[in-house]
Structures are given as structure tokens and as C-alpha cells.
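Engineer:
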Amino acid sequence: MVCIFRVLFALCILSVLGNISTLLQEAFDKESTFINTINKDIELGKEEDSEFFPEYPKITLCRKPFYRKDLNDSFLKLVEYSFLALGYPFIPLTPDEISMVVDISIKDKENDLPSHVLKFENHLNELDQRFKRLRNSSENFNLKEFVIKNSIGCEDFFLYCIALVFPLNCCKIFQPVLTSMGLCYTLEDRSDILGLIKKSPIEFSVIIDLVSPPHLNRETEEGFNVFLTDPVEVSLLFQPSEGQKIVPGLLTSVNVQLVKTERSALYTHWNSLTDSCPKWQFGENPFSEGSYRYSHRICDTFSYFTTLRNACKCESIFFPGNPTMRYCEPRDLYICFIGTTIASNFSNLLDECQQPCITYQYKSEASYIGLGGENFSRLEIMYNSKQFVNHEYRTATMSSLFSQIGGSLGLYLGASIITVVEIVVFVACWLWYRVCPSRKTKIHQEPAASHKLQKGYQPHLQ
């Protein structure tokens, strides 16, 4: 029996050590985290991060199609082709045409392409020749200026703007910016709106009336996209899935709330003395203003610029500042860039950037209702300017780690040993009565009541 108890004790000790090892592995594993989510007051957020905390989202409006409506069909095709220099998502193309562009960019031999893809490739080659003739027709030809010139102007984009109940000049507060979605308009002058937010005791709203885009007999989308981003970020690369869609002829109501995500715990060492928050990986910061902090969107933009420079030997058309290389032309994007990113399985874009320690994003929900007319669209943005959501990642600290280990020791040393001993005693008793012939008949035990009477105890009478 002594050997059995020693074996059981050794098994219990090994079980405790195994549990402690598991706790340590989970504690020091960066993925072993939990998220603490609370609602915080906006003023408290400003106190915690006075330099970068956003008071109001950057509103960017993009229209599809975004070119002028007074262009003839022949010149329009050339303009649409030049817009391919903006890169993915290649707004002028239909989904089927985008898939054919991918096939063209990764082809090995012309015989490998289906006939309809070859036909589309010949069409692109003809447009590319027309574009080169246009480029060579003037020594001062500037692709960026050409795209902006043939895009829709502010007067044909907006109808009316209202903040709370006060009218605003749309073209004064919205400035044109060239993005991957085309020529969009971004809310830059926010001083009037911020002043109204501070005075408003209720949820803040902005109403914008937009001129509906013309109807095209094509499979491309028609309407608007609204993107709500961090004001300090350089918002040049957009995906259609990021923003809310504004349907022509309808009222689109968008409810917006700020979400702050803190991932500092993921990059903090176990001793809590140092951290390894992501930093710039591209050498000198092209945006040398110094007010930009590391963010995933800006890192993606830098990676995009770097890929174009290294692989295609050109500068993005919406690169801010003075480019050091020629502007990337349409063929550079749909042949060189697409082929490079697909050949590397997008690792040149995805592996460079990590999630930052602090991220400010805007969560939005859209609802739609009829407006009574198709010539204009209405956007209503409701912004919760009083509270924001705070997601904080947490990891195990030394105090919580010791408390977990102590609790596990008590659980295993107490419950495990007692449970095992009780099971062993039960099995031993069962074998004792089964194996030993002299113990097949159990000892007769008198009831407790009769035993008490024999001892002289008298029942208490009421």
C-alpha cells in the first residue's frame, strides 16, 4: 500500500507541475489575451491622449462614376483607361473585367488565355497606344492633373450641407483629394463643426445633399461611398467594403461611434518595463510633418508606394509632395503591380505591417429610406460625440500569474488527492469483500436509534 500511495502522490505532483507549465505557457504567449470593453467619456479620452485623440471623424465622399458627364464616348474611354493608374479596385472596370486583368497580368503565353480574355487584352493595348499618343502630344503632360481635370467638380458633386441646423458651404469645408476610389472630397475645415459639437448637448448630426450620378448601361456600381477615418491618418487607399454605400434617390442615415483599441499589452514584455510596439519599417518617413503616428493604414500606404518604386520603377499618382520618379501609368498598375503582388501571394503588402498599439476607428451602421426623387441623394451622419468604446487587450501580470498558480495548487493538491484516495479506498473495500471468503457477509449494524436506547438516552417527549 505504501508503494501505491507513493505512485499516486507522484502522479498528483506531475499533474500540478503540468498545470503550472500550461499556465506559464499561456501567460507568456502573446495570443493568450482577453479584451476588456467599456464605454468611456469623450473628455476622458482627450485627457488620456491629448495629441492624437480624434474629436470628429474625417469624412471622405467618393462618387461612382467620378468622371465628368460632359465627355463624348470616344474620349470617355480614354479617360476611363487613364483612371486605371489609380490602381485597385480599378473603379472603371466591371468585376468580370477585373478578373480578366488578373489573368492577363500573370499569363506565361498568349495561348494560355481564353479567346474573350485575348480580345479584352487587345482592347487594353489599343487604349494604351491612344494614351501614349496623348502623353507624347505635350511636353508638359501631367497624368495627375489630367485625371483631376476630367473628374467631377465640387459644384456638380454637392447640393447642400447642414451641421445640426446651421447651413455650411460644402465646397469650403470639403476639399478634393485623389484616392484609389478616384477624385473624392474630404472634410478638411472642421473648425465650424467642432465648435458646434462642443456647444451641442445632444447627438451631433450632419446632413449632406448630393447630386446623383448619371445612369450608365454597364455592370459598374452607381452611387456614393462615405469613408469615416482617423483625421491624422493619410487616407489614400480605400476599399469599397470599408465605407457605407449611399444609394441614389434614397436617404442614407449613418450612425457613427468612435472605437479605440489598445494593443499595448500584446507588445509589452513580461517584466512590464519595455515594449516592442511596431515602428516605421521604410526608412525615412515620406510624410515628414511629424504629426503622424504609426497606423496600419499609413503602413499599408508606405508598403504600396515601396512596391511601386522597387518593382515598377515609378511613383504612385496620388503620392503627396514632389515625386522623385515618373508617375505610374495604367499599364504599370494592371500589369506590373498586379503581377508582382499576386506572384508574391500578397506577402509584400501583408507581411510588412503589424497592428499598432493604439488604433482609432469608427464603427458605423447604415439605414435607408425613400426620398421621393432620383436626381439627388441625401446623407445623414449621426455622431455620438459624448462617448466612445474602448477595447483594451490585457495579458497576465506577475500578480495574476501567482494567484492562478496558487489556486491551481490548492485545487490539485486538495481535490485531486482526496478524490484519488477515496476511489482507491472504495476499490480496496470492494475487492476485500469479493476476494476474502470470510468477509462475504457484512457485519450487522444496529440502527442508530436502538443504539442510543441501549446507551441510556431517552427520547424527548413534547
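Numbered by mature numbering (1 follows the signal peptide of the UniProt record, and there is no 0), the letters in the sequence shown go through residues -18 to -1, 1 to 444 in order.
Note that CB positions come from ideal geometry on N, CA and C, so glycine has one too.
Does the beta-carbon of T76 have 16 or more other beta-carbons within 10 angstroms, so that it is buried, or is it exposed?
Structural biologist: Its Cβ having fewer than 16 others within 10 Å, T76 is exposed.
Engineer: Would you list the one or two residues that DSSP bridges to L53?
Structural biologist: Paired residues: none, contrary to the question.
Engineer: Helix, strand or coil: which one does DSSP assign to Q111?
Structural biologist: Q111 falls in the helix class under three-state DSSP.
Engineer: Which residues mark the beginning and the end of the alpha helix (DSSP H) in which P77 is found?
Structural biologist: Its alpha helix (DSSP H) spans residues 77 to 87.
Engineer: Is the number of C-beta pairs between the stretch 355 to 369 and the stretch 227 to 244 that are closer than 8 angstroms three or more?
Structural biologist: Taking 8 angstroms as the limit for Cβ pairs, the verdict is that the stretch 227 to 244 does touch the stretch 355 to 369.
Engineer: Spatial neighbours of F102 within its chain, please: C-beta separation below 6 angstroms, excluding the five flanking residues on both sides.
Structural biologist: Around F102: M82.
Engineer: Determine the direct distance from the alpha carbon of P305 to that of P96, and round the result to whole angstroms.
Structural biologist: So the two alpha carbons sit approximately 39 angstroms from each other.
Engineer: Since C294 contacts C318 with CB under 8 angstroms, what's their CB separation in whole angstroms?
Structural biologist: Yes, they are in contact, since the Cβ atoms of C294 and C318 sit about 4 angstroms apart, within 8 angstroms.
Engineer: Taking C-beta to C-beta, are I190 and F148 nearer than 8 angstroms?
Structural biologist: No.
Engineer: Looking only at its own chain, which residues have a Cβ that is under 6 angstroms from the Cβ of P268, when we skip the five neighbours before and after it?
Structural biologist: The predicted model places P268 with a pLDDT of 47, which falls under 50 and marks its position as unreliable; any figure quoted below should be read in that light. Contacts found: none.
Engineer: Nearest-angstrom Cα distance between T168 and C339?
Structural biologist: If you take the alpha carbons of T168 and C339, they lie about 26 angstroms apart.
Engineer: Say whether chain C places a C-beta atom closer than 8 angstroms to the C-beta of Q221.
Structural biologist: In the structure shown, chain C does not exist; there is a single protein chain.
Engineer: If we count the other Cβ atoms within 10 Å of its Cβ and call it buried at 16 or more, is G352 buried or exposed?
Structural biologist: Burial call: exposed.
Engineer: If you run the structure through DSSP and keep just helix, strand and coil, what is R(-13)?
Structural biologist: Correct three-state label for R(-13): helix.
Engineer: Please identify the residue among R50, Y415, T322 whose C-alpha is closest to the C-alpha of residue 446.
Structural biologist: Residue coverage of the chain in this structure runs from -18 to 444, which leaves residue 446 outside it and unanswerable.
Engineer: Are Y49 and S162 closer than 8 angstroms when you measure CB to CB?
Structural biologist: No, the Cβ-Cβ distance between Y49 and S162 is not below 8 angstroms.
Engineer: How many angstroms separate the CA atom of N372 from the CA atom of V216?
Structural biologist: Distance between the alpha carbons of N372 and V216 is about 23 angstroms.
Engineer: Using the Cα positions of C(-16) and I17, report the straight-line distance between them to the nearest angstrom.
Structural biologist: Cα to Cα, the separation comes out at about 48 angstroms.
Engineer: Rounded to a whole number of angstroms, what is the C-alpha to C-alpha distance between S3 and S(-4)?
Structural biologist: If you take the alpha carbons of S3 and S(-4), they lie about 10 angstroms apart.
Engineer: Is I(-6) helix, strand or coil when you go by DSSP?
Structural biologist: Correct three-state label for I(-6): helix.
Engineer: Using a Cβ-Cβ cut-off of 6 angstroms (strictly less than) and excluding sequence neighbours within five positions of R313, which residues of its own chain qualify?
Structural biologist: Contacts found: D110.
Engineer: From this set, E127, Y38, K131, which residue's C-alpha is nearest D212's C-alpha?
Structural biologist: Nearest C-alpha to D212: Y38.
Engineer: Between which two residues does the beta strand (DSSP E) holding T202 run?
Structural biologist: Note, T202: premise wrong, no beta strand (DSSP E); not H, not E.
Engineer: Kindly indicate which three-state DSSP category Y63 falls into: helix, strand or coil?
Structural biologist: Correct three-state label for Y63: helix.
Engineer: Which residue marks the beginning of the alpha helix (DSSP H) containing Y286, and which one marks its end?
Structural biologist: From DSSP, the alpha helix (DSSP H) with Y286 extends over 278 to 289.
Engineer: What are the uninterrupted segments assigned as beta strand (DSSP E) that are 3 or more residues long and contained completely in the stretch 131 to 177, given in chain order?
Structural biologist: 140 to 145, 148 to 150, 156 to 161, 164 to 169, all fully within the stretch 131 to 177.
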